[in-house]
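Asks: When the letters of the sequence shown are read in order and numbered with numbering that gives the first Met the number 0, they come out as residues 0 to 433.
The C-beta atom is built at its ideal place from N, Cα and C for all residues, glycine as well.
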Amino acid sequence: MGRVRVAEYAAHPEERSAHTLLMFMIYLDNNATTKPCASAVDAAQHAMAELWSNPSSVHRSGQDTRQAIEIARARVARLLSVKPRDLTFTAGATESIDLALRGVIDSVAGTRRVIVTSPIEHEAVRETCSSLADAGVAEIVHLDVSDQGVVSTDHLQEILEDRSAEVALVSVQWANNETGSIQPVQRVGTLCRDHSVLFHTDATQAVGKLPIHLDTGPERTAFIPSMGDPSADVSAVDPKHVVPVDLLSCSAHKFHGVKGAGTLFARRGVRVIPQTRGTQERGRRGGTEAVPAILAMGAAAEEAMDFVSSPDCAERIASYRDYFEQRVTQLNQSPQINCPSPPFGRLCNTTNIAFPSLEAEIILLALSERGIAASAGAACSSGSLDPSPSLLAIGIPEHLAHGSVRFSLSKHTTREELDRAASVLSDVVTKLTK
Ligand code: PLP
């Protein structure tokens with residue numbers, strides 16, 4: 000189906016059924032989830048129609064399914080510049096994170112119990128850490144974060160110098176889901192390696208948006224996008240861009256795959272105690288594999304590889320994002336951008352804007368009514384919206400955090416859509432502030 004233009008949305012407001020709504024929607028919520036790409040949908044459909052045998056079965060059709068899974072694993076491995084055998088498929092990033100954190104804590108039980116993390120992690124990390132602390136099996140130490148939303152590597156260095164023998168692992172996200180801030184993962188990984196401490200990164204928002212070159216130790220395989228050859232000489236990658244990582248989590252539906260598949264990369268030799276027992280995934284994650292979602296993840300990884308290999312795509316999206324911010328700040332009374340400013344890195348697709356004295360939820364509902372999908376970092380608890388802990392942690396005052404809205408673009412977002420979104424937003428904010 001071709002692209003539906005903004006004008007058509009206005010022309011057919013009566014057709015807003017659940018089906019047509021998404022077609023007409025200006026979708027600026029790509030950090031929540033992305034539209035599956037055509038090749039991912041085809042792969043999932045093919046799996047459901049043809050490759051529905053159990054990949055653990057020894058018969059021929061089971062083995063065909065197994066082979067398709069291994070092809071998908073190789074594709075995802077290429078995107079992450081790692082060896083396929085070091086990837087464990089999971090149901091998504093939340094499960095991957097849970098497996099990494101619990102799996103490592105279980106493996107070092109009785110010796111190391113400190114997890115060093117940051118207060119701006121996604122709740123998948125935050126909640127897993129809290130539950131490990133509540134169970135008395137881990138002590139959580141939080142890194143300082145600057146007002147630009149960047150974790151302090153000086154603070155990490157101090158902690159590691161004082162307590163490295165107690166640290167089970169350091170978990171710092173690659174990029175923030177709300178503000179798009181890119182974390183100094185290269186420095187974090189280097190400090191961890193210097194102190195013989197494991198480094199886990201939640202790369203859910205980075206994979207598919209940024210090139211990923213991992214230094215996984217002596218067996219490192221770096222993929223060099225410009226050469227398109229995974230076996231190319233690793234020394235050709237600028238060492239500044241090679242990140243020492245032991246464990247990495249990501250999710251297919253954030254890079255145009257379908258929901259239900261993610262992966263945990265664990266460097267060979269890193270002990271991760273399985274949290275779901277069974278023989279699948281080399282014993283790391285029991286349960287029959289979600290074949291449609293996994294094959295779709297492989298297909299989406301191929302497309303993501305093309306995206307990260309051509310910096311022009313990310314530059315175009317960043318220029319659209321900047322254009323949108325410019326339009327919004329011109330049109331409305333003093334909204335504040337909650338994102339890092341140069342030289343600090345930011346995801347090309349993300350902006351987060353605070354509207355003083357308004358509630359994000361009301362803005363979102365009004366935008367949704369007019370065909371625009373965005374989101375807020377706040378979570379609903381006990382009938383009220385709690386401001387995002389990540390925004391509070393970077394020093395955004397509570398009244399601004401309450402009125403903060405995240406707009407996240409994709410490679411499909413057009414300037415026309417952003418023009419429309421900016422003027423609707425202006426209208427909405429003007430009406431609500433009256
Ligand atoms: N980590 C980050 C940074 C995310 O943005 C998300 C989803 O928004 C997750 C983890 C959880 O991902 P999933 O939905 O695959 O469990």
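In the DSSP output, what is E138 paired with across the bridge?
Replies: Sequence index remark: in the sequence shown, residue 138 carries index 139 (1-based). Answer is V113.
Asks: Provide the residue span of the alpha helix (DSSP H) that contains L438, from first to last.
Replies: Residue 438 is absent from the structure shown; the chain starts at 0 and stops at 433.
Asks: Please list the terminal residues of the continuous beta strand (DSSP E) segment that includes H240.
Replies: For the purposes of this step, residue 240 is identified with residue 241 of the sequence shown, where counting begins at 1. That residue, H240, is in no beta strand (DSSP E); it is neither H nor E in DSSP.
Asks: Considering only residues of the same chain and omitting the five flanking positions on each side of T87, which have a CB-CB separation below 6 Å?
Replies: In the sequence shown, residue 87 corresponds to position 88, counting from 1. So the list reads L263, E280, R283 and R284, once near-sequence residues are dropped.
Asks: On the three-state DSSP scale, how would you describe G277?
Replies: The residue given as residue 277 occupies position 278 in the sequence shown. Here G277 sits in coil by DSSP.
Asks: In angstroms with no decimal places, state the Cα-to-Cα distance between R101 and H199.
Replies: Within the sequence shown, numbered from 1, the residue matching residue 101 stands at position 102. Within the sequence shown, numbered from 1, the residue matching residue 199 stands at position 200. Spanning the two alpha carbons is a distance of roughly 12 Å.
Asks: Among residues of its own chain, excluding the 5 on either side of T178, which ones have a beta-carbon nearer than 6 Å to its beta-carbon?
Replies: In the sequence shown, residue 178 corresponds to position 179, counting from 1. Closer than 6 Å at the Cβ level, and outside the excluded window around T178, lie G148, N337, C338 and N351.
Asks: Counting only the same chain and skipping the five closest in sequence on each side, list residues whose C-beta sits under 6 Å from that of G188.
Replies: As a first step, residue 188 must be located in the sequence shown, where it is residue number 189. Closer than 6 Å at the Cβ level, and outside the excluded window around G188, lie F198, V242, P243 and V244.
Asks: Report the CB separation of G376 from R345 in whole angstroms; it is logged as a contact under 8 Å.
Replies: Here the question's residue 376 lines up with position 377 in the sequence shown. Here the question's residue 345 lines up with position 346 in the sequence shown. G376 to R345, Cβ: 16 Å. No contact.
Asks: If you draw a straight line from the alpha carbon of P386 to that of H401, how long is it in whole angstroms?
Replies: The residue labelled residue 386 in the question sits at position 387 within the sequence shown. The residue labelled residue 401 in the question sits at position 402 within the sequence shown. P386 and H401: Cα-Cα distance of roughly 5 Å.
Asks: Roughly how many angstroms separate the alpha carbons of P334 and T215, rounded to a whole number?
Replies: Reading the sequence shown from its first residue, position 335 is the one you call residue 334. Reading the sequence shown from its first residue, position 216 is the one you call residue 215. If I take the Cα positions, the gap works out to 42 Å.
Asks: Applying the 10 Å Cβ sphere with the 16-neighbour rule, what's the burial state of E415?
Replies: As a working note, residue 415 is residue 416 in the sequence shown. Under this definition E415 is an exposed residue.
Asks: Would you kindly report the start and end of the unbroken beta strand (DSSP E) that includes H199?
Replies: The residue given as residue 199 occupies position 200 in the sequence shown. Segment L197 to D201, the beta strand (DSSP E) holding H199.
Asks: Just reading off the beta strand (DSSP E) that L246 is part of, what are its end residues?
Replies: Along the sequence shown, read from residue 1 onward, the residue named residue 246 stands at position 247. Run containing L246: L246 to S250, per the beta strand (DSSP E) assignment.
Asks: Closest by CA to L27, which one among D426, K258, A421 and A134?
Replies: Residue 27 sits at position 28 when you count from the first residue of the sequence shown. Residue A421 is the option with its Cα nearest to L27.
Asks: Quick check: the Cα distance between R266 and V196, rounded to an integer number of angstroms?
Replies: Indexing the sequence shown from 1 puts residue 266 at position 267. Indexing the sequence shown from 1 puts residue 196 at position 197. Distance between the alpha carbons of R266 and V196 is about 13 Å.
Asks: Using the beta-carbon count (16 or more within 10 Å), is A205 buried or exposed?
Replies: Looking up residue 205 in the sequence shown gives position 206. A205 is buried by the Cβ-count criterion.
Asks: Within 8 Å: the Cβ of H252 and any heavy atom of ligand 1?
Replies: Position 253 of the sequence shown, counting from 1, holds the residue named residue 252. At least one heavy atom of ligand 1 is nearer than 8 Å to the Cβ of H252, so yes.
Asks: Going by DSSP, what residues sit across from L209 in a beta bridge?
Replies: To locate residue 209, count along the sequence shown from 1; it is residue 210. Answer by DSSP bridge pairing, in chain order: V206.
Asks: Can you name, in chain order, every residue of its own chain whose Cβ lies under 7 Å from the Cβ of L399, other than the five neighbours on each side?
Replies: Walking along the sequence shown from the start, residue 399 turns up at place 400. Closer than 7 Å at Cβ, skipping near neighbours: Q335, A353 and P355.
Asks: Give me the residue from P291, T412 and L424 with the minimum Cα distance to Q332.
Replies: Numbered from its first residue, the sequence shown carries residue 332 at position 333. For Q332, the nearest C-alpha among the options comes from L424.
Asks: Taking only the alpha-carbon atoms, compute the straight-line gap between V144 and A313 and give it to the nearest angstrom.
Replies: As a first step, residue 144 is located in the sequence shown; it is residue number 145 there, counting from the start. As a first step, residue 313 is located in the sequence shown; it is residue number 314 there, counting from the start. C-alpha separation (whole angstroms): 26 Å.
Asks: Less than 7 Å between C-beta atoms, sequence neighbours within five positions excluded: which residues of the same chain meet that for Q274?
Replies: Along the sequence shown, read from residue 1 onward, the residue named residue 274 stands at position 275. Contacts found: D97, L98, R101 and G102.
Asks: What span of residues does the alpha helix (DSSP H) with T349 cover, start to end?
Replies: Against the sequence shown, residue 349 aligns to sequence position 350. No alpha helix (DSSP H) contains T349, which is instead part of the beta strand (DSSP E) from T349 to A353.
Asks: For the alpha helix (DSSP H) holding S308, just list the boundary residues, first then last.
Replies: The residue you call residue 308 lines up with position 309 of the sequence shown. S308 -> alpha helix (DSSP H) spans V290 to S308.
Asks: I'd like to check one pair, R320 with L390: are the Cβ atoms closer than 9 Å?
Replies: Counted from its first residue, the sequence shown places residue 390 at position 391. Counted from its first residue, the sequence shown places residue 320 at position 321. For L390 and R320, no; Cβs fall outside 9 Å.
Asks: Counting only the same chain and skipping the five closest in sequence on each side, list residues whose C-beta sits under 8 Å from that of G394.
Replies: As a working mapping, residue 394 is identified with position 395 in the sequence shown. If we look at G394 and ignore the five residues flanking it on each side, its Cβ neighbours are D146.
Asks: Considering only residues of the same chain and omitting the five flanking positions on each side of A221, which have a CB-CB separation below 7 Å?
Replies: Taking the sequence shown and counting its residues from 1, one reaches residue 221 at position 222. In this prediction, A221 scores a pLDDT of 40, lower than 50, which makes its location untrustworthy; the coordinate-derived value is nonetheless stated afterwards. Hits under 7 Å: S80, H212, V233, V236 and V241.
Asks: Cβ-heavy atom distance between I96 and ligand 1 below 8 Å?
Replies: Taking the sequence shown and counting its residues from 1, one reaches residue 96 at position 97. Yes, the beta carbon of I96 sits closer than 8 Å to at least one heavy atom of ligand 1.
Asks: On the CB-based measure, 16 or more other CB atoms within 10 Å of its CB, does K253 come out buried or exposed?
Replies: If you number the sequence shown from 1, residue 253 lands on position 254. When all chains shown are included, K253 counts as buried.
Asks: Along the alpha helix (DSSP H) that carries T64, what are the first and last residues, could you check?
Replies: By one-based count along the sequence shown, residue 64 stands at place 65. Here the alpha helix (DSSP H) through T64 covers R59 to L79.
Asks: Under 8 Å by Cβ, that's how I've got T203 and C249 pegged, so tell me the actual separation to the nearest angstrom.
Replies: Counting from 1 along the sequence shown, the entry for residue 203 is found at position 204. Counting from 1 along the sequence shown, the entry for residue 249 is found at position 250. Indeed they touch by this definition, with Cβ atoms about 5 Å apart.
Asks: What are the boundary residues of the beta strand (DSSP E) that includes V169?
Replies: The residue labelled residue 169 in the question sits at position 170 within the sequence shown. V166 to S170 is the span of the beta strand (DSSP E), which, as asked, contains V169.
Asks: Applying the criterion that 16 or more other CB atoms from any shown protein chain within 10 Å of the CB defines a buried residue, is H58 buried or exposed?
Replies: Working through the sequence shown from its first residue, we reach residue 58 at position 59. Exposed: under 16 other Cβ atoms inside 10 Å.
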